[in-house]
Amino acid sequence: MKNLAGLMKQATQMQAKMEAMQSSLEAMNIEGSAGAGMVTVVLSGKGDMRSIRIDPKLADPAEMEMLQDLIMAACADARTKLDAKAAEEMQKVTGGLNLPAGMKLPF
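So in the UniProt record's numbering, spot 47 of the sequence shown is number 47, and the numbers just go up one at a time.
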């Protein structure tokens with residue numbers, strides 16, 4: 001019974017660390033780019049787009065399809081970086097323990 005109480009205490013501590021990590025991630029800005037930096041997108045830690053910067057040279061109406069593709073690529077790049085950062089922070093909190101996505105502690 002003593003081990004169970006210790007385990008529950010550790011789970012509670014881990015939950016507090018995870019909540020702090022999630023708050024930290026939410027406050028982050030992650031930048032992604034495409035087209036050699038001609039399109040840059042900034043996402044919040046939740047994945048919401050905060051800003052987009054487009055090189056004025058891309059504003060040619062004949063290049064709109066390419067511009068749209070670059071915006072999508074920049075968003076995907078930022079999202080990939082965000083997911084990697086979230087996974088890195090989760091590893092720090094869980095000490096390498098692989099928990100299923102969305103798992104809440106304590107159990």
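Where is the CB? At the ideal position from N, CA and C, for every residue including glycine.
A quick note: this is a predicted structure, and the numbers were derived from the prediction, not measured.
Strand pairing of residue i, partner residues [DSSP]
i	result
T40	S33 and R53
Reduced DSSP category for residue i - H, G, I as helix; E, B as strand; rest coil
i	result
G45	coil
A95	The question names Ala, yet the displayed sequence has Gly at residue 95. It is coil, neither helix nor strand.
M90	helix
M28	coil
Straight-line gap, residue i to residue j (C-alpha atoms, nearest Å)
i	j	result
S23	M49	17 Å
D55	I30	19 Å
S44	L25	8 Å
D60	G32	22 Å
Sequence-distant residues of the same chain with beta carbon closer than 7 Å to residue i, five excluded per side
i	result
G47	R79 and L82
A73	A34
Sequence-distant residues of its chain with Cβ nearer than 6 Å to residue i (five each side left out)
i	result
L70	A34, G35 and V39
S51	V42
Contact set for residue i: own chain, Cβ-Cβ below 8 Å, skip 5 residues either direction
i	result
L58	G35, M38, V39, M66, L67 and L70
K92	M21
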